[in-house]
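Novice: Input: one structure, supplied below.
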Amino acid sequence: MSLLKMLAWLLFLIIFSLQLISSGRYEQREDFAVVIQPFFRNTLLPLDSMGKPDMSFFAADCIHFSVRGYAEMAMALWNNMLEPVGEKQTYNNFTYDRSKLRCPNPEKPFLSTGRNSGFGNSDLSLEETESSVPYWTVIVTAVAGVLVGSLLGWVVSRRRTKKHQRKADTENNIKITSL
């Protein structure tokens, strides 16, 4: 799969997810909730004692996290899931301190959702909620994304082929004229 196709799919998934979350489709359910966990929104690059990026949090490719980095992200995600909606931490301070890991307490023994954080409607209506997005729009958008991704892939491939063909022709002309 080309990079452009992957980016198109990622963009589609992000837009679809945000649309699904903001639709309110699951706000009245007791058995399911969708909550954005913003622990990574305002995170800064961890620094070492010299003020340079602390590479111990990253893998050899400098893009993915190391075991230490994944442990930090896991702790931040867990803590975020326990914080009430509207009061969630939007950063991670990369201290690698296990004592910052929170535990559920008797007053709030569950993961925080909009509903149990006081943002949900107190009148429980467990009726089926109507989707704000018709099912066919998802199909049309997915097909359009595949077509656009394929078209962009074809255009890039075609340009590369022409570039390599011109380079080969130029090299052949140089060989012929130098004889």
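Numbered according to mature numbering (1 follows the signal peptide of the UniProt record, and there is no 0), the sequence shown spans residues -23 to -1, 1 to 156.
The beta-carbon is built from N, C-alpha and C at its ideal position, and this holds for glycine as well.
Bear in mind that the values here come from a model prediction, so they are computed numbers and not experimental data.
1. Roughly how many whole angstroms lie between the Cα atoms of leucine 22 and aspartate 74?
2. What residue from Gly126, Lys140 and Met27 has the CA that sits closest to leucine -14's CA?
3. Name, in chain order, the residues that DSSP records as bridge partners for proline 30.
4. Report back the beta-carbon spacing between alanine 48 and phenylalanine 16 to the nearest angstrom; my notes put them in contact at under 8 Å.
5. On the DSSP letters alone, give me the boundaries of the alpha helix (DSSP H) that glutamate 49 sits inside.
6. Quick check on this structure: which residue in Ser89, Gly46 and Pro81 has the alpha carbon closest to the alpha carbon of lysine 65?
7. According to the Cβ coordinates, are proline 81 and leucine 59 closer than 9 Å?
8. Count the other CB atoms within 10 Å of the CB of residue 183; is the residue buried (16 or more) or exposed (fewer)?
9. Note down the Cα distance separating residue 206 from methionine -18, rounded to an integer number of angstroms.
10. Three-state secondary structure (DSSP) at phenylalanine 35?
11. Could you tell me the boundaries of the alpha helix (DSSP H) in which serine -2 lies?
12. Please classify asparagine 57: is it buried, with 16 or more other beta-carbons within 10 angstroms of its beta-carbon, or exposed?
13. Rounded to a whole number of angstroms, what is the C-alpha to C-alpha distance between alanine 37 and glycine 46?
14. Can you tell me which of the three DSSP states threonine 67 falls into?
15. Could you compute how far the alpha carbon of lysine 152 sits from the alpha carbon of arginine 143?
16. Using only the alpha-carbon positions, how far apart do alanine 10 and threonine 67 sit?
17. Please check the pair asparagine 69 and threonine 114, which I expect to be a contact at CB under 8 Å, by giving their CB distance rounded to whole angstroms.
18. Work out the CA separation of lysine 29 and phenylalanine 35 for me, nearest whole Å.
19. Sorted by chain position, which residues of the same chain lie with C-beta nearer than 7 Å to leucine 129's C-beta, five sequence neighbours on each side aside?
Specialist: From the atom records:
1. 17 Å
2. Gly126
3. Leu24
4. Not a contact, Cβ separation roughly 14 Å.
5. 44 to 59
6. Ser89
7. By the CB criterion at 9 Å, proline 81 and leucine 59 fall inside the cutoff.
8. Absent from the model: residue 183. The displayed extent of the chain is -23 to 156, so no value can be given.
9. With the chain represented from -23 up to 156, any question about residue 206 goes unanswered, as that position is not in the structure.
10. Per DSSP, reduced to three states, the secondary structure at phenylalanine 35 is strand.
11. -21 to -2
12. buried
13. 12 Å
14. In this structure, threonine 67 counts as coil in the three-state DSSP scheme.
15. 14 Å
16. 20 Å
17. That belief does not hold up - the Cβ atoms of asparagine 69 and threonine 114 are roughly 36 Å apart, past 8 Å.
18. 13 Å
19. Answer for leucine 129: Leu(-20), listed in chain order.
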